[in-house]
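Residue numbers (the numbering used here): 298 to 617.
A quick write-up on the structure given underneath.
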Amino acid sequence: MSLFWRLFLLNTAVLIAGAALLLWGPATVSTPFFVTEALILAAGLAAMLLVNAVLLGAGLAPLRRLARAMRAIDPLRPGSRPEVTGSGEVADLIRTFNTMLDRLEAERATSSAVALSAQEAERHRIAQELHDEVGQTLTAVLLELKRVADDSPDSVATALHHVQEITRGSLEEIRRIARRLRPGVLEELGLVSALKALTTEVLPHSGLTARCHVDNDLPDLGGAVELVLYRVAQEGLTNTVRHARATRLDLSLLRGPTAVELYVRDNGRGIGDAAEGAGIRGMRERALLIGAELTLGPRPGGGTEVRLHVPTATKAPAHV
């Protein structure tokens, strides 16, 4: 039965019951009416309205619950579904909404995988160009500066040596940027070495005391999962360096019975009420691709904790 007919029949039943009470009840209405008759009519009307409100509230309660669930849905935290309650059109509406969420989450996962794959390919291309083009050009400049400095008077050679040091520093910075864009150590030496190198790279630039602990008996995670773990760790470290004002940072990758867990912890000022930026949203997008769960919040004793829970049975898209 449709919602319209249920509400219509409920209202009809209430009005018929009220009319029956007036017809067969002991109360009568005369003209002009008496105060007692007016009070009886008012009480009857109030009773009908109350019963009508209770019945309508019970009939529409599933719709209110659905509205609250729709407002609470977060696309970056999938899996939450409103419970199918009620009957008829209300239950059909909730089931349709859940089906729509399933379809949207599947489409979002597919499109995110394609977008992140394209992003990784672009990072690889830019890193390659920085290494091959800019890096080689600066290397040639360094060699030419050395040749000119060797044939110049001491006063000029001193200035040229200073320019050499500036150029050499720029070359190292470009190589560092290229390594961040394309984690070659991840491809060549594996996840453990890549995470340790990432932690070591933080030290000269931030003044942080960084520690990295990785379990030795990690399962075979696959290239896509390892890349997500590396990128989440990289973004967590970057956020700590840029925003946390921390003095200590701990990065851990631990093996559990059914999952591996990545932790990035610091003793900084915490995230407070700050809105999530593009970096955190990117971490959540990557976590969704491999069926992982990302949580970010304050840690006991102060600071921030980033936790990525990756079920070991997860099969990640090969093209992440």
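Here a beta-carbon is modelled for each residue, glycine too, at the ideal position from N, C-alpha and C.
Source: prediction; values computed, not measured.
A Cβ-Cβ separation of about 6 Å places E602 in contact with G594 under the 8 Å criterion. Comparing C-alpha distances from G553 to each of A339, T609 and A521 shows the shortest one belongs to T609.
Within the segment 526-596, the complete alpha helix (DSSP H) segments of 4 residues or longer fall at 575-586, listed in chain order. Boundaries of the alpha helix (DSSP H) harbouring E485: G481 to L486, taken from the DSSP string.
DSSP, reduced to helix, strand and coil, places R476 within a helical segment of the structure shown.
Every alpha helix (DSSP H) stretch that sits fully inside the segment 390-453 and reaches 4 residues is listed by chain position as 432-447.
By the neighbour-count criterion, in which 16 or more other beta carbons inside 10 Å mark a residue as buried, I337 falls on the buried side. With respect to the C-alpha of L515, the residue from T537, L363, T555 and R562 having the closest C-alpha is T555. Between the C-alpha atoms of H606 and L526 there is a straight-line separation of about 10 Å. Just measuring C-alpha positions, the residue of I471, A412 and A388 sitting nearest D429 is I471. Taken through DSSP and simplified to helix, strand or coil, E380 comes out as coil. In the same chain as N308, and ignoring 5 residues on each side of it, the C-beta atoms closer than 7 Å to its own belong to N349, in chain order. Looking at the DSSP output, A507 shares a beta bridge with L546. For L605, the enclosing beta strand (DSSP E) begins and ends at T601 to P608. Looking from the CA of S414, the closest CA among H458, T592, A355 and G579 belongs to G579.
Only residues of its own chain outside the window of five on either side were considered, and among them S549 have a CB closer than 7 Å to the CB of H510, listed in chain order. Secondary structure at L515: coil, using DSSP grouped into helix, strand and coil. Proximity to R303 across W321, V351, G356 and A344 peaks at G356, based on C-alpha coordinates. In this structure, DSSP gives I471 a helical state, which the three-state scheme calls helix. The beta carbon of G565 sits closer than 7 Å to those of T537, A541, R542, A543, G600 and T601, all from its chain and outside the five residues before and after it, given in chain order.
Within the same chain, E532, T535 and N536 come within 8 Å of G576 by CB-CB distance, once the 5 residues on both sides are set aside.
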